[in-house]
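This report concerns only the one structure given below.
There are 2 protein chains.
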Amino acid sequence: MRDFSNDHRWLSLNTATVRRQGDLLAIVEACARRGIRAIDPWRDQVAAVGLDRAVRAVKDAGLDLSGYCRGGMFTADGAHRSEARDDNRRAVDEAAALGASCIVLVVGGLPQYSRPGSADSKDIAAARHQVHDGIAEMLDYAKLAKLPLAIEPLHPAYAADRACVNTTKHALDICDALDPGRTGAIGVALDVYHIWWDPELMGQIARAGQDRLLAFHVCDWLVPTKDILNDRGMMGDGVIDIRSVRAAVEAQGFAGYSEIEIFSNDWWGRPLDEVLRTCIERHRTVV
Amino acid sequence: MRDFSNDHRWLSLNTATVRRQGDLLAIVEACARRGIRAIDPWRDQVAAVGLDRAVRAVKDAGLDLSGYCRGGMFTADGAHRSEARDDNRRAVDEAAALGASCIVLVVGGLPQYSRPGSADSKDIAAARHQVHDGIAEMLDYAKLAKLPLAIEPLHPAYAADRACVNTTKHALDICDALDPGRTGAIGVALDVYHIWWDPELMGQIARAGQDRLLAFHVCDWLVPTKDILNDRGMMGDGVIDIRSVRAAVEAQGFAGYSEIEIFSNDWWGRPLDEVLRTCIERHRTVV
């Protein structure tokens, strides 16, 4: 297991962590100033400054991209399915322009939440079939751009409205079905927030192996959690044994960035510099 | 699958659903008046009126008890372990006095939340070992009273603070380990709120079979969920395909009560009669 205590060379910042403190250009500048070597930007943040300016800022700052957030939201009714497909192809094009290492997939829950305007459904099994088919279609396009797809299993609390792939096992089942040869074209993005509770987690990380482990995200689970989406914790402030999960992915050979992604009304309300300083400190002491 | 549309003879009311509207005696009286034939009372509600009065009220009203809530909270540090054991034995004694069909087990999360005062821990694997051992010990005592234990897997959102058994599979694994002969002494209480998201649900219900299916609870998952504990929905107001889950348990031979358990700041704020009237209507039309 890598020693993070002496520096933060393996810290990546998911830019949603500070999305209310500044635009992507300001975030890139702050990261460069603090010696943060990688980010994972969100599409809306890229769109807000324009793709070309985002590409230039990333290159000028010499930043790596540990991922691009996000593709997915595959579930839709018939009228919204081509919208989903075209949207995901644009995500691939943007990720390629930015030089991202993978596209993180948040696969979508029930259609009415995934693609607003879609007809109401309570059929989660049907949604899961759509996700399978949607990823298969996107994978063909992403392979041409040589952009790996990283399925992110989301906490079961998001099954209805954000992602109906809720366990590492389910995500890996999809990978195995769509890429039995393990070509590197598809894998998983594991965020401790979503998976820490899973009694099968350690076995599934071993099953994933190095070639399926495309991204590793950290934050913490707070007790109590006051908001189901936007009350995630800074590493060390909650109950997750983060280091044991990192040890497990690194035991498989994962050697990429440890990406900090915190959706938090609390941390969004603090100055950018305070957030980055705390991220760096916790990366060294807790992650 | 049973037809619920003509009456509510298979409706049971978990008394937490109206715990702010009146004491247990008032709830029993209201249920009797509305032709509700069964309840599942909570220990604090029984204690508030006294066990003897609770027993008399239940018998006078001719009510069945579809369960008794709750045993569990097995996770504790060394200083609090005997407290947990003794507390659970008292739960068995009370359930026997009340004539409950089973004791619902909420097994506990990390020790500091399960048994306040216990030392802080982030070791969820250790907590799960404690749960296994705690149930084993309680089972010996409960068998003497001929009281089945029903492990309730709770939604993964409660893994830290309420229960570290979060899937039907995990609950059944414990049942199989402690009762390989399937004697009827232990099984599961399945609440659609906790399990609806699970991609392995249908297979695990089939694995459970009639003898492990000790209780079936209903409510609904709202989008958005505003409070992770106390914003559960009235059946039909959320996204759960309740009928498909009931069909699956009944296909295994489950023929017991469909118990309504709703923790909801919204419904706790409404008159007792309105809540019961709505429960009966939704039981007939949605469950």
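Sequence lines, in order, name chains A and B.
Going by the UniProt record's numbering, the residue at position 214 of the first sequence is 214; the numbering climbs one at a time, nothing skipped.
Going by the UniProt record's numbering, the residue at position 116 of the second sequence is 116; the numbering climbs one at a time, nothing skipped.
Where a beta carbon is used, it is the ideal one built from N, C-alpha and C, also for glycine.
Source: prediction; values computed, not measured.
### Completely contained beta strand (DSSP E) runs for the region 84-131 of chain A, where each covers 3 or more residues
103-106
### Query
Is Ala159(B) close to chain A, meaning its C-beta is less than 7 angstroms from at least one C-beta of that chain?
Looking up residue 159(B) in the second sequence gives position 159. Closer than 7 angstroms: yes.
#### Entry: Spatial neighbours of Tyr158(B) in its chain, beta-carbon cut-off 7 angstroms, leaving aside the 5 residues before and after
One-based indexing of the second sequence puts residue 158(B) at position 158. Gly109, listed in sequence order.
### Message
I need the boundaries of the beta strand (DSSP E) containing Arg70(B), first residue and last residue.
### Response
For the purposes of this step, residue 70(B) is taken as residue 70 along the second sequence, with counting starting at 1. Its beta strand (DSSP E) spans residues 68-72.
### Message
Does Ala76(A) come out as helix, strand or coil in the three-state DSSP assignment?
### Response
To locate residue 76(A), count along the first sequence from 1; it is residue 76. Coil.
### Task
Please state if the CB of Gly71(A) and the CB of Ala91(A) are separated by a distance shorter than 7 angstroms.
For the purposes of this step, residue 91(A) is taken as the residue at position 91 of the first sequence. For the purposes of this step, residue 71(A) is taken as the residue at position 71 of the first sequence. Yes, they are a contact pair.
### Task
Rank Ala95(A), Ala127(A), Glu259(A) by C-alpha distance to the C-alpha of Asp77(A) and give the top, closest one.
For this step, residue 77(A) is matched to residue 77 along the first sequence. Checking every option, the nearest Cα to that of Asp77(A) belongs to Ala127(A).
### Query
Closest Cβ-Cβ distance between Asp265(A) and chain B: below 7 angstroms?
Locating residue 265(A) in the first sequence gives position 265, counting from the first residue. Inspection of the sequence shows that residue 265(A) is occupied by Asn rather than by Asp. It does not: the Cβ of Asn265(A) has no partner Cβ on chain B nearer than 7 angstroms.
#### Entry: Pick from Met73(B), Glu259(B), Leu190(B), Asp241(B) that is closest to His129(B), judged by C-alpha positions
Here residue 129(B) refers to the residue found at position 129 when the second sequence is read from its first residue. Of the candidates Met73(B), Glu259(B), Leu190(B), Asp241(B), the one whose C-alpha sits nearest the C-alpha of His129(B) is Met73(B).
### Proximity winner among Val106(B), Ala84(B), Ile195(B), relative to Glu137(B) (alpha-carbon distances)
The sequence position of residue 137(B) within the second sequence is 137, counting from 1. Closest by alpha carbon: Ala84(B).
### Query
Can you name, in chain order, every residue of its own chain whose Cβ lies under 8 angstroms from the Cβ of Leu172(B), other than the five neighbours on each side?
Along the second sequence, one-based indexing puts residue 172(B) at 172. Cβ neighbours of Leu172(B) beyond the five flanking positions: Val188, Gln204, Arg207, Ala208, Arg212.
### Closest Cα partner of Ala246(B) within the set His155(B), Thr167(B), Ile195(B)
Along the second sequence, one-based indexing puts residue 246(B) at 246. In the sequence as displayed, the identity of residue 246(B) is Arg instead of Ala. Cα-wise, what sits closest to Arg246(B) is Ile195(B).
### Message
Given a cut-off of 7 angstroms on the beta-carbon distance, is the pair Val239(B) and Lys122(A) in contact?
### Response
In the second sequence, counting from the first residue as 1, residue 239(B) sits at position 239. In the first sequence, counting from the first residue as 1, residue 122(A) sits at position 122. Going by C-beta atoms, Val239(B) is nearer than 7 angstroms to Lys122(A).
#### Entry: Among Leu178(A), Phe254(A), Lys143(A), nearest to Val131(A) - alpha-carbon criterion
Translated into positions along the first sequence, residue 131(A) becomes position 131. Out of Leu178(A), Phe254(A), Lys143(A), Leu178(A) has the C-alpha closest to the C-alpha of Val131(A).
### Task
Report yes if the C-beta distance between Leu65(A) and Leu98(A) is below 7 angstroms; otherwise report no.
Looking up residue 65(A) in the first sequence gives position 65. Looking up residue 98(A) in the first sequence gives position 98. Yes, the Cβ-Cβ distance between Leu65(A) and Leu98(A) is below 7 angstroms.
### Query
Does the Cβ-Cβ distance between Arg20(B) and Val106(B) come in under 7 angstroms?
Taking the first residue of the second sequence as position 1, residue 20(B) is located at position 20. Taking the first residue of the second sequence as position 1, residue 106(B) is located at position 106. Not a contact, by the Cβ cut-off of 7 angstroms.
### Task
Check each candidate in Ile186(A), Val249(A), Ile262(A) and name the one with the smallest Cα separation from Asp227(A).
Within the first sequence, the letter at position 227 stands for residue 227(A). With distances taken between Cα atoms, Asp227(A) lies closest to Ile262(A).
### Query
What does DSSP give as the partner residues of Leu13(B) in its beta bridges?
Taking the second sequence and counting its residues from 1, the one referred to as residue 13(B) is at position 13. Partner(s): Ile39(B), Ile260(B).
### Task
Could you confirm whether any beta carbon from chain B is found closer than 7 angstroms to the beta carbon of Ser55(A)?
Translated into the one-based positions of the first sequence, residue 55(A) becomes position 55. Checking the sequence shown, residue 55(A) turns out to be Val, not Ser. Chain B contact via Cβ: absent.
### Query
Who are the neighbours of Val107(A) on chain B, taking C-beta pairs under 7 angstroms?
If you number the first sequence from 1, residue 107(A) lands on position 107. Within chain B, no residue comes near Val107(A); the closest Cβ sits about 12 angstroms away, beyond 7 angstroms.
### Task
Quick one: using the 10 Å Cβ neighbour count with 16 as the cut-off for buried, is Asp191(B) buried or exposed?
In the second sequence, residue 191(B) corresponds to position 191, counting from 1. Answer is buried; the Cβ neighbour count reaches 16.
### Message
Let me make sure I understand the geometry here. Which of Glu274(A), Ala38(A), Leu229(A), Asp87(A) has the alpha-carbon closest to that of Pro224(B)?
### Response
As a working mapping, residue 224(B) is identified with position 224 in the second sequence. Considering only alpha carbons, the answer is Leu229(A).
#### Entry: Residue closest to Ala16(A), alpha-carbon to alpha-carbon, out of Val28(A), Asp7(A), Ala96(A), Arg9(A)
Walking along the first sequence from the start, residue 16(A) turns up at place 16. Answer by Cα proximity: Val28(A).
### Query
From Gly147(B) to Lys59(B), what distance separates their C-alpha atoms?
One-based indexing of the second sequence puts residue 147(B) at position 147. One-based indexing of the second sequence puts residue 59(B) at position 59. In the sequence as presented, Gly is not what sits at residue 147(B); that position holds Leu. So the alpha carbons of these two residues sit roughly 18 angstroms apart.
### Query
Using DSSP with H/G/I as helix, E/B as strand and the rest coil, what is Gly238(B)?
As a working note, residue 238(B) is residue 238 in the second sequence. Reduced to three states, the DSSP call for Gly238(B) is coil.
### Query
Is the shortest distance between the beta-carbon of Ile228(B) and the beta-carbons of chain A less than 7 angstroms?
As a working note, residue 228(B) is residue 228 in the second sequence. At least one chain A Cβ lies under 7 angstroms of Ile228(B).
### Message
Let's test the definition: count the other Cβ atoms within 10 Å of the Cβ of Gly50(A) and tell me whether it reaches 16, buried, or not, exposed.
### Response
Here residue 50(A) refers to the residue found at position 50 when the first sequence is read from its first residue. The residue is exposed, with fewer than 16 neighbouring Cβ atoms inside 10 Å.
### Query
How many angstroms separate the CA atom of Asp231(B) from the CA atom of Ile280(B)?
Taking the second sequence and counting its residues from 1, one reaches residue 231(B) at position 231. Taking the second sequence and counting its residues from 1, one reaches residue 280(B) at position 280. Whole-angstrom Cα-Cα distance: 20 angstroms.
### Query
Which residue from Arg282(B), Thr75(B), Ile36(B), Asp198(B) puts its Cα closest to that of Ala119(B)?
Numbered from its first residue, the second sequence carries residue 119(B) at position 119. Checking every option, the nearest Cα to that of Ala119(B) belongs to Thr75(B).
### Query
What's the C-alpha gap between Arg282(B) and Trp42(A)?
Here residue 282(B) refers to the residue found at position 282 when the second sequence is read from its first residue. Here residue 42(A) refers to the residue found at position 42 when the first sequence is read from its first residue. Cα to Cα, the separation comes out at about 42 angstroms.
#### Entry: Separation of Gly117(B) from Val18(A), as counted between CA atoms
Numbered from 1 along the first sequence, position 18 holds the residue referred to as residue 18(A). Numbered from 1 along the second sequence, position 117 holds the residue referred to as residue 117(B). Distance between the alpha carbons of Val18(A) and Gly117(B) is about 36 angstroms.
### Task
Please work out which residues of its chain come closer than 8 angstroms, Cβ to Cβ, to Cys164(A), disregarding the five sequence neighbours upstream and downstream, and give them in chain order.
On the first sequence, position 164 is the one that residue 164(A) refers to. Answer for Cys164(A): Thr75, Val107, Gly108, Gly109, Leu110, Ile124, Ala127, Arg128, Val131, listed in chain order.
### Task
In angstroms with no decimal places, state the Cα-to-Cα distance between Gly253(B) and Ala95(B).
Here residue 253(B) refers to the residue found at position 253 of the second sequence. Here residue 95(B) refers to the residue found at position 95 of the second sequence. About 25 angstroms.
### Task
Please confirm whether residue 289(A) and Asn88(A) have their CB atoms less than 7 angstroms apart.
No information on residue 289(A) is available, as it lies outside the stretch 1 to 287 that chain A covers here.
### Uninterrupted beta strand (DSSP E) stretches inside the region 157-243 of chain B (no shorter than 3 residues)
186-191, 213-218
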